[in-house]
Amino acid sequence: MRYLNWMNVSCRIGSSARRTLGMLLVVLATAVAPVHAETLMVLGDSLSAARGIDRDEGWVNLLRQRLESEAPDQYTVINASISGDTTAGGLERLPEALETHHPDIVLLELGGNDGLQGLPPGRMHNNLAQMIEKSQASGARVALLGILIPPNYGQAYTKAFADVFPTLASEYDVPLVPFILEGVALNDDLMQDDQIHPNAQGQPIILDNIWPTVASMLDEVSSGDMAPASRH
């Protein structure tokens, strides 16, 4: 009888140990499970494609380096920018880019070439609106990276162009960087000879202009606090 009692105790201890071991294995498996890397995609023109300088010196690559330094292996940065692209070109390219990269965040840096070519601001508005909607429909969060243009086409056109970005940001409740070349565009030491594209020395300033918006969005994505906004 005593032998049987000890057998029962032994079985209970063994069962308890197995349960404890099982729980420990679950905890360990959770601890070593790979963390999903958040993907950030920049859809832009020459300002993001690092035209005229080494691509590694461009602000998008500097963003990649900063994220890797602060949070290794947690973020993937995709630069889907093409020099000379307009909002119409970006709208055409966007669906394939979304399908290929499945970004968590999309930074839209387009419109400058629309303005330089004198294209209708209303059309630019509609193109960017569709890009916001398509990106949000894919599950991505969106931010607008705004640009200003010289008054070559007159005050009315320049104002209509500039108004597109804050109008869209308000309509879709998305973050806006009003002017990514703030502190760069009027400084000859930071611009290339064409006075349109920043040189390598201007790129860190562009990143600093964009960083607060990007950092805030990444925090919200990681914590799950922000869902893609719908149009008001």
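For the sequence shown, the UniProt record's numbering begins at 1 and goes up steadily by one. Heads up, the beta-carbon is just placed ideally off N, CA and C, and yes, glycines get one too.
Beta-carbon proximity list for residue i, same chain, < 6 Å, skipping 5 on both sides
i, result
"VAL164", "PRO121, MET124 and HIS125"
"GLY183", "ILE205"
"ALA80", "MET41, LEU43 and ALA97"
"THR213", "ALA143, PRO175 and VAL177"
"ASN127", "THR87, ALA88 and LEU91"
Residue i versus residue j - alpha carbon distance
i, j, result
"PRO166", "PRO178", "7 Å"
"LEU63", "ALA71", "12 Å"
"ASP193", "ALA200", "12 Å"
"ILE147", "VAL106", "17 Å"
"ILE196", "LEU91", "23 Å"
"LEU218", "ASP208", "15 Å"
"SER222", "ASN152", "43 Å"
"ALA129", "VAL174", "11 Å"
"ARG51", "GLU68", "23 Å"
"THR158", "SER216", "30 Å"
"ALA140", "GLN203", "26 Å"
"GLU171", "TRP59", "28 Å"
"ALA156", "SER138", "36 Å"
"ASP45", "LEU119", "16 Å"
"GLY154", "ALA160", "10 Å"
"GLY89", "ASP188", "30 Å"
"ALA66", "ALA162", "This sequence places Arg at residue 66; Ala is not what is there. The alpha-carbon atoms of ARG66 and ALA162 are separated by roughly 30 Å."
"GLU220", "ARG55", "29 Å"
Presumed contact (8 Å Cβ cut-off) between residue i and residue j, rounded CB distance
i, j, result
"THR86", "LEU110", "7 Å"
"ILE210", "LEU168", "Contact flag wrong, Cβ pair sits at about 17 Å."
"LEU144", "LEU108", "5 Å"
"ASN113", "GLY84", "6 Å"
"PRO198", "LEU186", "With 8 Å as the limit, PRO198 and LEU186 do not qualify as a contact, their Cβ atoms being about 11 Å apart."
"residue 242", "ILE82", "Outside the displayed range of the chain (1 to 232) lies residue 242, so it cannot be described from this structure."
Contacts around residue i, its chain only, beta-carbon distance under 8 Å, and the 5 residues preceding and following it disregarded
i, result
"LEU94", "LEU43, MET131, LYS134 and SER135"
"MET191", "VAL184, ALA185, HIS197, PRO198, ASN199 and GLY202"
Endpoints, the beta strand (DSSP E) within which residue i is located
i, result
"LEU40", "38-44"
"ARG51", "Segment: none, ARG51 is in no beta strand (DSSP E) and carries neither H nor E."
7 Å Cβ shell around residue i - same chain, five flanking residues per side excluded
i, result
"ILE53", "ASN199 and ALA200"
"ARG2", "Below a pLDDT of 50, predicted positions are generally treated as unreliable, and ARG2, at 40, falls in that range; no measurement from the model is reported."
"THR39", "THR76, ILE78, HIS101, HIS102, PRO103 and ASP104"
"GLU57", "ALA50, ALA200 and GLN203"
Unbroken alpha helix (DSSP H) run spanning residue i, endpoints
i, result
"LEU63", "59-70"
"ALA215", "203-223"
Output the residue ranges of the beta strand (DSSP E) runs that lie fully inside the segment 79-120 and measure 3 residues or longer, sorted by chain position.
105-109
What are the uninterrupted segments assigned as alpha helix (DSSP H) that are 4 or more residues long and contained completely in the segment 144-180, given in chain order?
155-172
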